[in-house]
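First up is the structure itself, then whatever we jot down about it.
Residue numbers (our numbering): 7 to 623.
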C-alpha cells in the first residue's frame with residue numbers, strides 16, 4: 007500500500023503499513039463551500055440518489071449463495087447456471103426508485119410490508135426481490151425470483167456491496183460518530199483530505215463527504231435526506247465516488263445507522279468518537295443503549311482503528327475497553343491531558359476561530375487552527391487532525407487543510423448585514439449543545455446575548471425542559487419559539503420549555519419571551535440588540551424548511567435573521583428621518599422640499615437655440 011505523502015511522519019509507530027493512497031485520476035479538487043444553496047447538483051435522470059454508470063452484472067445465483075438465501079422462481083429451475091440466467095446491476099429498498107436490473111428489497115414496515123409494492127418494482131424493471139418469509143408469497147406471485155432471508159434489512163448492505171463490487175475497499179473511509187460535532191468534524195476531515203490530495207504528484211484525486219447537510223462527490227453536491235444514507239444508497243454512492251475518481255471520504259455515522267444496518271457492508275479505516283450526551287432517547291431506551299449503539303462502530307467488523315475523545319466520560323470508558331480488547335485506538339484531549347496521545351496546548355479562543363498547538367505522542371508540535379469559534383470546535387479540530395494522522399497523513403498537511411475550511415453550514419455561521427452586533431445561526435438542538443454554544447459566544451461578546459430556540463415535535467420530549475432552562479439561565483434574553491412542531495401542538499411544546507425556564511431562580515435567569523411564530527421571535531431578539539451584543543438563532547442551522555402539521559414551508563434561519571436585521575435598519579432610518587423632519591423650522595422645511603422637488607431638465611447643447619453675434623449684442 008502506498009503512503010499518502012512521502013513524509014516520514016506518515017508511518018505510525020508500530021504500524022505495519024501506512025494508510026491507503028489518495029492518488030487517482032479526475033478533475034482537480036474544488037474549494038469547500040461553507041454554505042449549501044438550492045443548486046445541489048446531480049446529473050441523474052432517475053429518482054433517488056446517484057448510481058454508478060458502469061456496473062458489472064452479478065448473477066443472482068451467486069448473490070443467493072452469498073446470502074445463503076432460500077430461493078423461488080428462476081433460481082430454482084435449471085436456468086440458474088445458463089447463459090441467460092438472471093443477473094443484477096443494482097439494488098434499492100424504494101419501489102419508486104427501481105431501475106432496470108435492480109433487486110428490490112421488500113422490507114417489513116410498521117404499517118405496510120415492502121412486498122405490497124413488488125408489482126410497482128417489477129413494472130420499473132426489477133429482476134428479483136429480497137424479502138423475509140412474511141413477504142415471500144406476495145413477491146413470488148409476480149413471477150420474479152425471490153431471495154428469502156430471516157432479516158433482509160440486516161443483509162441488505164452486504165448484498166449492495168457485492169452488487170457494486172465492494173466499492174468501499176477502494177476508498178479511504180473515515181467515519182465520525184458521537185452526539186455533537188459530527189458534521190463539523192466531517193468537514194474539517196474533508197479539508198485535510200483535500201489538502202493531502204492537492205499535494206499528491208498528480209494532484210488529481212477527489213474527496214467525498216457524506217453527512218447531515220449534504221453529500222459531496224468532488225464538487226458535486228447532493229442534498230441529504232438523513233445523516234447516514236440507507237445501505238443500498240450508501241453503497242451506490244461509494245460506487246459513484248470510485249467511478250469519478252474519489253479516493254477518500256469523510257462520513258457521519260449516526261446511532262440510527264448502526265442499529266438499523268445502514269453502514270452494513272462498510273469497514274472504516276478510521277472511526278472517530280467525539281462525545282456522548284442525552285439525545286435520541288425516543289429511539290434508545292437509555293444512555294447505555296445509546297452508548298452500545300455507538301460502540302458497534304469500534305469493532306473489527308466495522309473499522310480498522312479508532313480515534314476517541316479522552317475528555318469525554320464515555321470516550322474515556324471506550325478507550326479503556328478498546329485497549330483491553332487489543333483494538334488499535336488513538337486518543338485526543340482538547341483539554342490538554344498529558345495521558346492522551348494527541349493534546350491541545352496554548353489554546354487561544356477568538357470570535358472567528360481559535361489557535362492552538364497540537365502535541366503528538368512523540369513530542370511533535372504542530373501549529374493548528376480551529377476555523378470556528380468555541381472550545382468545542384478546538385476538540386472537533388483536534389479530532390479531525392488526529393484522525394487524519396491515524397490515516398497516514400502528515401500532521402502539518404492535516405493542520406493546513408483544517409485551517410483552510412471556510413466554515414460549516416449552520417454551525418456558528420455568522421450573518422452580516424452591516425449591523426454593529428454579532429448575529430449567528432447554529433444547529434444546536436439539544437441541551438449540552440445549546441449550553442456549549444452560549445458559553446462560547448459569551449466568551450467573545452462584550453455586551454448581552456439574545457437567543458432564540460425551539461424544540462422539534464415528534465422527537466424526544468424529555469429534553470425540552472432542559473432546553474428551556476438552559477436558555478433562560480445563560481441568555482440575557484431567551485426567546486422561546488417553534489422549531490419543527492410537525493404533528494404536535496406548538497403551544498404544548500412551548501409550555502414544556504417554559505416550565506423548564508420557570509425552574510430557574512428569578513435572579514439567575516434573563517428575560518424570557520414566548521413567541522410561537524419563529525420569524526417574529528427572531529425579529530424580537532434582533533429588536534433588543536445593541537452595539538456589542540450577540541443574537542443567536544439556534545436549533546435549525548442549515549435546514550431550509552419548517553414542518554408544521556405535516557406541511558413543510560420554506561424557512562431558512564439565515565435568511566430570516568438577515569431580513570430582520572435589515573428591516574430594523576430600515577425602520578430606524580425612517581424614524582430618524584421623521585424625527586429630523588419634526589424638528590425642522592418652517593423655513594428649513596421649505597428649503598429642503600424645494601431642493602428635493604423635481605426640476606425640469608436642462609436643455610442639452612443640441613437643443614439650445616443658436617444665437618448670432620447680432621443677437622448676442
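All residues carry an ideal CB built from backbone N, CA and C; glycine is no exception.
The count of Cβ pairs closer than 8 Å, one atom from the region 427–443 and one from the region 247–263, stays below three, leaving the stretches out of contact. Checking the DSSP bridge columns, you'll see residue 351 partnered with 363. Listed as beta-bridge partners of residue 216 by DSSP are 221 and 257. When rounded, the separation of the alpha-carbon atoms in residue 201 and residue 194 is 11 Å.
Your pair residue 180 and residue 397 checks out as a contact, with CB atoms roughly 6 Å apart and the cut at 8 Å.
Around residue 534, the same chain offers 456 and 483 as residues with beta carbons nearer than 6 Å, after the five sequence neighbours per side are excluded. As computed with DSSP, residue 544 is found in a beta bridge with 432.
A residue is called buried when at least 16 other Cβ atoms come within 10 angstroms of its Cβ; residue 468 does not meet this threshold and is exposed. By the C-beta density criterion, residue 581 is exposed, having fewer than 16 other C-beta atoms within 10 angstroms. Residue 489 and residue 546 do touch by the CB rule: their CB atoms are close to 6 Å apart, below 8 Å.
In this structure, the CA atom of residue 219 is about 23 Å from the CA atom of residue 273.
Nearest in C-alpha terms to residue 323, of all of 282, 226 and 351, is 282. If one requires a minimum length of 4 residues, the alpha helix (DSSP H) runs lying completely within the region 165–219 are 188–204, in chain order.
Residue nearest to residue 336 within the set 388, 361, 297 and 160 is 388 (criterion: CA-CA distance). Residue 274 carries a strand assignment under DSSP once its states are collapsed to helix, strand and coil. In the structure shown, residue 565 adopts helical secondary structure according to DSSP, grouped into three states. In this structure the region 105–116 touches the region 151–159; the number of beta carbon pairs closer than 8 Å is three or more. DSSP links residue 552 through a beta bridge to 559. The straight-line gap separating the alpha-carbon atoms of residue 530 and residue 485 is approximately 8 Å. Cβ contact annotation for residue 567 (same chain, cutoff 8 Å, sequence separation greater than five): 421, 429, 431, 528, 532, 541 and 543, in chain order.
Here residue 339 carries a strand assignment [DSSP, helix/strand/coil].
With a beta-carbon spacing of about 6 Å, residue 479 and residue 514 fall inside the 8 Å limit used to define contacts. Less than 9 Å separates the beta-carbon of residue 253 from that of residue 176. The residues 363 and 365, in chain order, have a CB closer than 7 Å to that of residue 371 in the same chain once the five nearest residues on each side in sequence are set aside. Out of 321, 221, 205 and 66, the CA that lies nearest to the CA of residue 298 is found in 321.
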